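To start, the structure itself, in structure tokens.
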């Protein structure tokens with residue numbers, strides 16, 4: 001038959017209170033196997049309390065070649081930052 | 001893309017690396033960078049996977065339960081390290097199947113050290129102490145290499161590797177504090193693993209063809225000879241604590257340089273093993289090939305099961 005196992009991306013929450021973070025990827029035949037493999041590959045030393053797996057083909061990634069139009073517009077919007085606004089020094093708690 | 005456009009991209013790329021910025025998989029990169037990284041990362045992954053074989057040889061014969069769980073955990077770590085590295089390599093656009101194919105056909109290399117046999121239990125101690133010790137020295141600088149996925153994989157690997165070396169040294173220490181026979185066994189293992197461990201750092205700087213480019217891309221931070229010297233300098237005092245003798249008559253400490261001087265490495269042996277004429281080259285590859293070929297029906301069955309279940313889910317949804 002020779003069908004290759006698809007690739008899955010693994011996200012692990014290190015402890016409650018923290019977000020799931022991308023840890024890496026692995027191959028598995030289905031989601032259940034991906035979870036079990038992720039446990040063995042990425043949490044052998046209590047690195048996590050929760051795992052998400054998602055098949056890699058379902059992730060749409062931005063293209064670094066378009067980083068200019070994608071991310072540069074934020075660069076000239078200094079008014080989104082608190083330091084943009086001039087206040088006298090004696091104003092406190094702001 | 002025109003030649004000039006590529007030149008511009010290469011310039012931007014080299015500047016990025018010089019600024020210590022990381023390269024991520026979807027970023028533009030020169031073809032040579034991609035190929036070199038596929039070669040090095042896959043070679044590294046293959047070494048982890050093949051490296052399980054000489055140690056796996058002793059799991060069922062470990063002298064105590066304590067030693068057995070430690071060795072099992074170590075071998076499982078090697079599998080994990082192989083998997084982190086294969087994943088990092090696949091982000092460069094090569095499939096896992098192609099990588100295995102390259103290993104099985106001999107197109108891709110793995111570390112020659114694993115072509116030596118593990119004859120006694122002391123070899124498990126010597127491997128942890130020397131082979132993992134040398135691997136750590138090679139690997140630590142790679143945590144800052146320019147290719148993001150490789151660097152991130154190496155951070156995980158290095159964190160886990162230190163237990164490997166300590167468990168090996170503890171085995172040696174126990175043998176050296178044991179009976180005369182046990183100490184001889186430890187000395188014999190050191191005698192056989194010392195020189196191959198020094199060869200793990202690769203050919204001398206004069207002979208090494210990739211060093212210059214690899215330094216530029218931060219695939220290397222120190223040269224082979226520098227790393228080898230570092231290994232010798234830190235390992236000789238460890239052998240003294242064990243009460244073992246390094247099998248090198250020319251070994252002596254140079255007070256002026258603060259480094260050990262050492263004897264000539266047998267590079268003919270090194271190249272013989274690299275070319276496939278080591279003691280276990282054939283055995284290692286055939287073990288990997290058999291595992292892959294004989295596991296095919298299991299992989300197929302898992303896919304068939306997954307497909308059947310996903311069809312069921314679709315029907316239930318309708």
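Residue numbers (the UniProt record's numbering), protein chains in the order written: chain A, 1 to 94; chain B, 1 to 318.
All C-beta atoms in this analysis are idealised placements derived from N, C-alpha and C, irrespective of residue type, glycine included.
Given the structure is predicted, the values throughout are model-derived calculations rather than measurements.
Taking the beta carbon of residue i as the centre, do at least 16 other beta carbons fall within 10 Å, making it buried, or is it exposed?
i	result
residue 149 of chain B	buried
residue 81 of chain A	exposed
residue 198 of chain B	buried
residue 187 of chain B	buried
residue 55 of chain B	buried
residue 74 of chain B	buried
residue 90 of chain B	buried
residue 48 of chain A	buried
residue 84 of chain A	exposed
residue 231 of chain B	buried
residue 179 of chain B	exposed
residue 27 of chain A	buried
residue 235 of chain B	buried
residue 315 of chain B	exposed
Quick one: residues in its chain with C-beta nearer than 6 Å to the C-beta of residue i, no 5 flanking neighbours on either side, listed in chain order?
i	result
residue 51 of chain B	78 and 114
residue 55 of chain A	6 and 8
residue 47 of chain B	110 and 111
residue 281 of chain B	115
residue 218 of chain B	145 and 146
residue 50 of chain A	13
residue 200 of chain B	113 and 134
residue 104 of chain B	289
residue 164 of chain B	74, 128 and 132
residue 253 of chain B	260
residue 24 of chain B	148
residue 226 of chain B	none
With residue i and residue j assumed to form a contact (beta carbons below 8 Å), what rounded beta-carbon distance in angstroms separates them?
i	j	result
residue 62 of chain B	residue 167 of chain B	Actually they are not in contact, since the Cβ atoms of residue 62 of chain B and residue 167 of chain B sit about 11 Å apart, beyond 8 Å.
residue 192 of chain B	residue 84 of chain B	The pair is not a contact, with the Cβ atoms about 30 Å apart (cut-off 8 Å).
residue 319 of chain B	residue 171 of chain B	Residue 319 of chain B lies beyond the stretch modelled for chain B, which goes from 1 to 318, so this question has no answer here.
residue 302 of chain B	residue 29 of chain A	4 Å
residue 130 of chain B	residue 194 of chain B	7 Å
residue 25 of chain A	residue 87 of chain B	5 Å
residue 331 of chain B	residue 139 of chain B	Residue coverage of chain B in this structure runs from 1 to 318, which leaves residue 331 of chain B outside it and unanswerable.
residue 142 of chain B	residue 154 of chain B	4 Å
residue 98 of chain B	residue 4 of chain A	Actually they do not touch by this definition, with Cβ atoms about 10 Å apart.
residue 209 of chain B	residue 220 of chain B	At roughly 12 Å, the Cβ-Cβ gap does not stay under 8 Å, so residue 209 of chain B and residue 220 of chain B are not in contact.
residue 82 of chain B	residue 45 of chain B	5 Å
Beta-carbon within less than 8 Å of residue i's beta-carbon, same chain only, minus the 5 sequence neighbours each way: which residues are those?
i	result
residue 250 of chain B	261, 262, 263 and 264
residue 203 of chain B	224, 267 and 270
For residue i, collect the residues of the same chain with a Cβ closer than 7 Å to its Cβ; drop the 5 residues on either side in sequence, then sort them by chain order.
i	result
residue 35 of chain A	51 and 53
residue 94 of chain B	38
residue 338 of chain B	A query on residue 338 of chain B cannot be resolved here, the shown segment of chain B reaching from 1 to 318 and no further.
residue 62 of chain A	70
Practice task
May I ask you to list, following chain order, the residues of the segment 287-311 of chain B that have a beta carbon less than 8 Å from some beta carbon of chain A?
Solution key: Listed by position, the residues of the segment 287-311 of chain B near chain A (Cβ gap below 8 Å) are 296, 299, 300, 302, 303, 304, 305, 306, 309 and 310.
Problem - Runs of alpha helix (DSSP H) lying entirely within the segment 172-213 of chain B, each at least 4 residues, in chain order - result: Runs found: 180-199.
Exercise for the section: List in chain order: all unbroken alpha helix (DSSP H) runs of 4+ residues lying wholly within the segment 218-273 of chain B. Expected result: You should have 224-242 and 267-272.
Handout entry: 4-residue-minimum alpha helix (DSSP H) runs that sit fully inside the segment 10-77 of chain B, ordered along the chain
Key = Listed in chain order, they are 31-50 and 52-56.
Practice task
Residues of the segment 30-55 of chain A with a CB closer than 7 Å to any CB of chain B: list them in chain order, please.
Solution key: Along the segment 30-55 of chain A, going in chain order, the ones with a CB nearer than 7 Å to a CB of chain B are 30, 33, 41 and 44.
Handout entry: Residues of the segment 15-31 of chain A whose Cβ lies closer than 9 Å to any Cβ of chain B, in chain order
Key = When CB distances to chain B are screened at a threshold of 9 Å, the residues of the segment 15-31 of chain A falling below it are 23, 24, 25, 26, 27, 28, 29, 30 and 31, in chain order.
Exercise for the section: Taking a Cβ distance cut-off of 8 Å, strictly less, list which residues of the segment 1-28 of chain B are near chain A, in chain order. Expected result: From the segment 1-28 of chain B, only 24, 26, 27 and 28 have a Cβ closer than 8 Å to chain A.
Exercise for the section: Could you list the residues in the segment 97-108 of chain B with a C-beta less than 9 Å from some C-beta on chain A, going in chain order? Expected result: Among the residues of the segment 97-108 of chain B, those with a Cβ less than 9 Å away from any Cβ of chain A are 97, in the order of the chain.
Problem - Ranges of the alpha helix (DSSP H) found wholly within the segment 100-159 of chain B, counting only runs of at least 4 - result: Listed in chain order, they are 122-126 and 132-139.
Handout entry: Where the segment 54-78 of chain A meets chain B: residues whose CB sits under 9 Å from a CB there
Key = Within the segment 54-78 of chain A, those residues whose Cβ lies closer than 9 Å to any Cβ of chain B are, in chain order, 61, 62, 63, 64 and 65.
Handout entry: Short-range partners of chain A found in the segment 39-67 of chain B, where Cβ spacing is below 8 Å
Key = Residues passing the 8 Å Cβ filter: none.
Handout entry: Contact residues within the segment 2-14 of chain A, judged by C-beta distance below 8 Å to chain B
Key = Residues of the segment 2-14 of chain A with a C-beta atom less than 8 Å from some C-beta of chain B are 2, 3, 4, 5 and 7, listed in chain order.
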